[in-house]
Each structure stands twice: as structure tokens, then as C-alpha cells.
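A.B. asks:
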Amino acid sequence: MMDYFREKTSRWHEPLEYPQRTCYSSNHNPNDWNGAFGYVRDEGAKAHTGLDLFADINTPCYACLDGEIVQYTEESGYGNVLVIEVKGDDLRASRNDYTLEFTDKTKKVKEIVQADNFNINADHFYLRYCHLSNKRADLNVGDKVKSGDLIGYTGDTGNAKGLCNPHLHFEIAMKKTGNRTDTSNLQKDRLAYKINPAFFVNLQTKDEAKQTKVKERRIQEKQDEEERARKEKEAKAKQQRKKQK
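In short: position in the sequence shown from 1, add 1185, done, that's my numbering.
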């Protein structure tokens, strides 16, 4: 049996003050398993590589454990990503008693504990905070942080841009980046070297009223933005026609 319960040297702090699952999927549907870890999207055909925690734009994010900032960069669909390297013993000591919530065969979803090649006994792990709007201004790669330190703010960068369910995509991995394998199983490759963050993040009861309010506001904001863009396009076309006369 793996030894998860060695003496703590760094106490776990939640990545957000009130960590809760997202109630909605990006296409507005009530769907809390969409942000879980594992084969939980498109009726189990598509893997999700982290844990989505509801967070309106510019919600403060915190270091979960003592560690070092080893990366802050833009990573395609992940958007702005901040990575903290932490000690293996500290992470192992922080495991909670979570049990898998989403294993419903009728919905064809399969939340999993970890990738086959994830090694819980590694010396170090990497906490990956994704879709951030920005890091803390005075924080730089190479800086040491303590558990509970403010490290940045949530956003909707990368493929989360404009979505109705703003969130922190949080990963726990064995590498700071490149956590994939290269086999014929694309979705399994995407989960490589990662563990389900719900076994460490202590999830709270979902505030559905708040999430619904934010969802509706975000939908309206997107519609307003699209309408402004349409009017600007029409105005430019009208000006162009005038010039051609």
C-alpha cells in the first residue's frame, strides 16, 4: 500500500478560497461532470485533463503548498499557465478521502483516479494553474512561495475565452509541461502523468445560484459583444460604399 500519510512539512491551502465544481458546461448545459478528471466529455469519448473550479474573472488564486514558480507562459488552449514545483512528500500528505463521483455507465462518463503512468512516489510534482488572467505582478519564475500565498488571478484565456462557465483549470502532474504520451490512444495520451486533483482539493457545495447568475451575465456580455462587432462591420461597409461612389 502506498504511503500517503507521511508527516506534513507544508500544509495544503486550497487554490481558491471556496473551491467548487462548475455547474455548467461551456455550451450552457447543467453538467457538473464536464469539469471532472477523466473520460467525462462527449459521453466518455473525450478526456478532461484537470479539475475545473468555478471562478469568476479575476478571482484570487493561491499556492496550495510551499514550492517554486518554475513556469509562467501562454500554452495554447490552456491560456496563461502558472506552474509551481512542490515536494512529493508534501503532496502525498495532503491527500483527502475523496471518492469518485462520476462513474455512471448510463451517461457513459468515467472519472478516474490517475493516469496509468502517474507515479505517486515521485520526488516532486507540478501544480498547474490554467486560464489565468495574470500572475501576481511581483512574482517571477524562480521565486519561492509559501502555502497560501497569492500567486495570480483567474481569467478566461486560451480556449476558455468568453465561455459561460469561467473557471480555474487545475492540474497536478509529474512534469511542468508536456504531460502527454505518444501512442495510438489520443485521449489516454492527454491524461498521461496526471492525477485527479479532487483527491487533494477539498471541494465545497456548489453555489448554483451564483454560478447561474454569472452564466447569464456572461452569455449577455457575449451577445452584446457580437452585436457591437456586427454594427462596426456594417458601419465600415457603409463607409467603404460611400468612398466607392
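Positions of the beta carbon are idealized from the N, C-alpha and C atoms, including for glycine.
What are the partner residues of D1341, as DSSP defines its beta bridges?
C.D. replies: Bridge partners of D1341: none, in fact.
A.B. asks: Could you say which of H1316, R1365, A1383 and S1369 lies nearest to Q1375 if we only look at CA atoms?
C.D. replies: One detail in the question is off: residue 1375 reads as Arg in this sequence, not Gln. Among H1316, R1365, A1383 and S1369, the Cα nearest to that of R1375 belongs to R1365.
A.B. asks: Is F1239 helix, strand or coil by DSSP?
C.D. replies: strand
A.B. asks: Rounded to the nearest angstrom, what separates S1279 and F1384 at their Cα positions?
C.D. replies: 9 Å
A.B. asks: Leaving out the 5 sequence neighbours to the left and right, which residues in its chain are closer than 7 Å to L1388 when beta-carbon positions are compared?
C.D. replies: Answer for L1388: P1204, Q1205 and R1206, listed in chain order.
A.B. asks: How do the stretch 1340-1347 and the stretch 1254-1270 stand: do at least 3 beta-carbon pairs fall below 8 Å, yes or no?
C.D. replies: yes
A.B. asks: If you compare alpha carbons, which of G1347, L1312 and N1325 is closest to S1332?
C.D. replies: L1312
A.B. asks: Does the beta-carbon of E1296 have 16 or more other beta-carbons within 10 angstroms, so that it is buried, or is it exposed?
C.D. replies: buried
A.B. asks: What residue range does the alpha helix (DSSP H) around Q1389 cover?
C.D. replies: That residue, Q1389, is in no alpha helix (DSSP H); it is neither H nor E in DSSP.
A.B. asks: If we ignore side chains and look at the alpha-carbon of each, how far apart do A1232 and L1238 end up?
C.D. replies: 17 Å
A.B. asks: Where do the N-terminal and C-terminal ends of the beta strand (DSSP E) with Q1256 fall, by residue?
C.D. replies: Per DSSP, Q1256 belongs to the beta strand (DSSP E) from G1252 to E1259.
A.B. asks: Nearest-angstrom Cα distance between G1347 and G1327?
C.D. replies: 32 Å
A.B. asks: Should Y1209 be flagged as near chain C, meaning a C-beta pair shorter than 9 Å?
C.D. replies: Among the chains of the structure shown, chain C does not appear; only one protein chain is present.
A.B. asks: Alpha carbons only, please: which of N1325, A1307 and C1315 is nearest the one belonging to N1344?
C.D. replies: C1315
A.B. asks: So, helix, strand or coil for F1303, using DSSP?
C.D. replies: Secondary structure of F1303 (DSSP, three-state): coil.
A.B. asks: What span of residues does the alpha helix (DSSP H) with A1414 cover, start to end?
C.D. replies: E1393 to Q1429
A.B. asks: Using C-beta distances below 8 Å, list every residue in its chain close to K1330, excluding the 5 sequence neighbours before and after it, in chain order.
C.D. replies: Checking the sequence, you will find Val at residue 1330 rather than Lys. Correct list, in chain order: A1248, D1251, G1252, E1253, I1254, I1269, L1324 and I1336.
A.B. asks: Measure from the alpha carbon of L1285 to the alpha carbon of each residue in E1411, V1271 and V1298, then state which is nearest.
C.D. replies: V1298
A.B. asks: Which class does Y1314 belong to by DSSP, given the choice of helix, strand or coil?
C.D. replies: strand
A.B. asks: Straight-line CA distance for Q1424 to D1241?
C.D. replies: Here the alpha carbons of D1241 and Q1424 stand approximately 39 Å from one another.
A.B. asks: Mapping DSSP to helix, strand and coil, what is G1223?
C.D. replies: strand
A.B. asks: Distance check for K1421 and N1450, CA to CA, integer angstroms please.
C.D. replies: One cannot answer for residue 1450 here, as it falls past the ends of the chain, which runs 1186 to 1430.
A.B. asks: What residues in its chain sit with their C-beta under 7 Å from that of D1308, if we drop five residues either side in the sequence?
C.D. replies: G1273
A.B. asks: Does the Cβ of S1369 have 16 or more other Cβ atoms within 10 Å, making it buried, or fewer, making it exposed?
C.D. replies: exposed
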